[in-house]
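Residue numbers (this note's numbering): 744 to 1117.
From the three backbone atoms N, C-alpha and C, an ideal C-beta is built for every residue, glycine too.
In what follows, a structure is listed as structure tokens, so that the remarks can point back to it.
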């Protein structure tokens, strides 16, 4: 199968869309298929593309104003040319919004089936960044996804939202987790002493530092005796968060084994953003054997079993986050119980397993097209 993955982000970018697109390309290549990636050009250049599992076509882009880590593709004929030159059987649209719209248009013009993967709560972002435009965001989402042969939602909440807004042909496709890289035995006592020299309980957040993530909700946890908050990631909110989270340790962006070591060395993982369509870092924490605190909204509702693998708290409630941290801080046995249950829960959620599910969805779409053509 020849597949063109049109993605709004790809490594060296570090985010959920980029990671999922990379894992999809890897799995397709490993299964003997022929993927090709089309992605925005990055400020760092294309050195990382040499390590990609398939060819990568870069489209000119500009940094998003106020958030230079995110780049937006410019109009380009490269998308249609890449799909044509690759002789694609199917186009995979990863979180389509700008570049994906062009990919959808090209697929439709060329008569090639398209699968659109919903990954970003654009309506939630509109509320956060411009305090308006939620309706316009949904119209944009609907116009792209309604044209696809199939839309894949990462969680039951996302699937319900898509269907409620009139998007047809939606199925569930979750995300995998690397249970070899992320595992409890990467816990590093030397790192723990470095982060918490007085033996504090370590509460970690991993992700973008941006307004929609609402990391400032960890301020109450910073005020608890014997607790050290550790923040991993970068983004435009970092300066403000350094003021809002007194005593917190900021480690910047981390990847690979270094990130896995940090995850496993946490006592508690806390995610604060209420707009997650999935929330990959929750799965990575669970694979690392770490109990999770997360908002009872979006993707975490599918991932965190309340009072079994972690604690779900009301969204945007700093007091609830603080109280959940206090509960887990005072009960080492409960932390161990939740952490072990979390690891058990995700052990079957490998990228290989969900990658094969994706190939099954592709096959269904191609089969449906064949029936219609007949």
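Under 8 Å, do residue i and residue j count as touching if we go by C-beta distance?
{"i": "residue 800", "j": "residue 825", "result": "yes"}
{"i": "residue 817", "j": "residue 838", "result": "no"}
{"i": "residue 1067", "j": "residue 1046", "result": "no"}
{"i": "residue 1026", "j": "residue 924", "result": "no"}
{"i": "residue 949", "j": "residue 969", "result": "no"}
{"i": "residue 746", "j": "residue 798", "result": "no"}
{"i": "residue 748", "j": "residue 835", "result": "yes"}
{"i": "residue 962", "j": "residue 988", "result": "yes"}
{"i": "residue 1070", "j": "residue 863", "result": "no"}
{"i": "residue 757", "j": "residue 783", "result": "no"}
{"i": "residue 973", "j": "residue 994", "result": "yes"}
{"i": "residue 967", "j": "residue 1076", "result": "no"}
{"i": "residue 806", "j": "residue 793", "result": "no"}
{"i": "residue 1084", "j": "residue 1051", "result": "yes"}
{"i": "residue 1080", "j": "residue 922", "result": "no"}
{"i": "residue 827", "j": "residue 853", "result": "yes"}
{"i": "residue 965", "j": "residue 999", "result": "no"}
{"i": "residue 856", "j": "residue 1109", "result": "yes"}
{"i": "residue 744", "j": "residue 1105", "result": "yes"}
{"i": "residue 881", "j": "residue 908", "result": "yes"}
Do you know offhand how far residue i's Cα is from residue j's?
{"i": "residue 956", "j": "residue 1018", "result": "8 Å"}
{"i": "residue 1029", "j": "residue 981", "result": "25 Å"}
{"i": "residue 851", "j": "residue 898", "result": "27 Å"}
{"i": "residue 865", "j": "residue 959", "result": "21 Å"}
{"i": "residue 1082", "j": "residue 947", "result": "14 Å"}
{"i": "residue 938", "j": "residue 776", "result": "44 Å"}
{"i": "residue 1042", "j": "residue 920", "result": "14 Å"}
{"i": "residue 1014", "j": "residue 1062", "result": "14 Å"}
{"i": "residue 832", "j": "residue 1059", "result": "44 Å"}
{"i": "residue 781", "j": "residue 941", "result": "48 Å"}
{"i": "residue 934", "j": "residue 996", "result": "16 Å"}
{"i": "residue 751", "j": "residue 1088", "result": "30 Å"}
{"i": "residue 985", "j": "residue 971", "result": "14 Å"}
{"i": "residue 753", "j": "residue 1038", "result": "27 Å"}
{"i": "residue 762", "j": "residue 819", "result": "24 Å"}
{"i": "residue 1107", "j": "residue 772", "result": "19 Å"}
{"i": "residue 900", "j": "residue 1040", "result": "8 Å"}
{"i": "residue 1022", "j": "residue 849", "result": "30 Å"}
{"i": "residue 764", "j": "residue 876", "result": "27 Å"}
{"i": "residue 1034", "j": "residue 844", "result": "39 Å"}
{"i": "residue 889", "j": "residue 1094", "result": "27 Å"}
{"i": "residue 879", "j": "residue 885", "result": "10 Å"}
What are the boundary residues of the alpha helix (DSSP H) that includes residue i?
{"i": "residue 804", "result": "Counting along the chain, residue 804 falls outside any alpha helix (DSSP H), though it belongs to the beta strand (DSSP E) covering 804-807."}
{"i": "residue 771", "result": "759-773"}
{"i": "residue 850", "result": "842-853"}
{"i": "residue 887", "result": "877-888"}
{"i": "residue 1068", "result": "1061-1072"}
{"i": "residue 1075", "result": "1075-1089"}
{"i": "residue 934", "result": "932-938"}
{"i": "residue 1053", "result": "Careful: residue 1053 lies outside any alpha helix (DSSP H), inside the beta strand (DSSP E) at 1053-1056."}
{"i": "residue 822", "result": "821-829"}
{"i": "residue 963", "result": "962-965"}
Please report the residue range of the beta strand (DSSP E) in which residue i lies.
{"i": "residue 1032", "result": "Where residue 1032 is concerned, there is no enclosing beta strand (DSSP E), given that its DSSP letter is neither H nor E."}
{"i": "residue 836", "result": "833-837"}
{"i": "residue 1048", "result": "Unbroken run through residue 1048: none, as it is neither H nor E."}
{"i": "residue 953", "result": "Segment: none, residue 953 is in no beta strand (DSSP E) and carries neither H nor E."}
{"i": "residue 971", "result": "970-975"}
{"i": "residue 915", "result": "913-915"}
Whole-angstrom Cβ separation of residue i and residue j, contact assumed at under 8 Å?
{"i": "residue 891", "j": "residue 859", "result": "4 Å"}
{"i": "residue 796", "j": "residue 768", "result": "5 Å"}
In the DSSP assignment, what are the bridge partners of residue i?
{"i": "residue 990", "result": "None, per the DSSP bridge assignment."}
{"i": "residue 1012", "result": "947, 1035"}
{"i": "residue 780", "result": "748, 799"}
{"i": "residue 860", "result": "837, 895"}
{"i": "residue 814", "result": "806"}
{"i": "residue 865", "result": "BP columns for residue 865 are empty, so no partner."}
{"i": "residue 995", "result": "975"}
With 8 Å as the threshold, decide whether the Cβ of residue i is near any Cβ in chain D.
{"i": "residue 760", "result": "Reference to chain D is not applicable here, since this structure consists of a single protein chain."}
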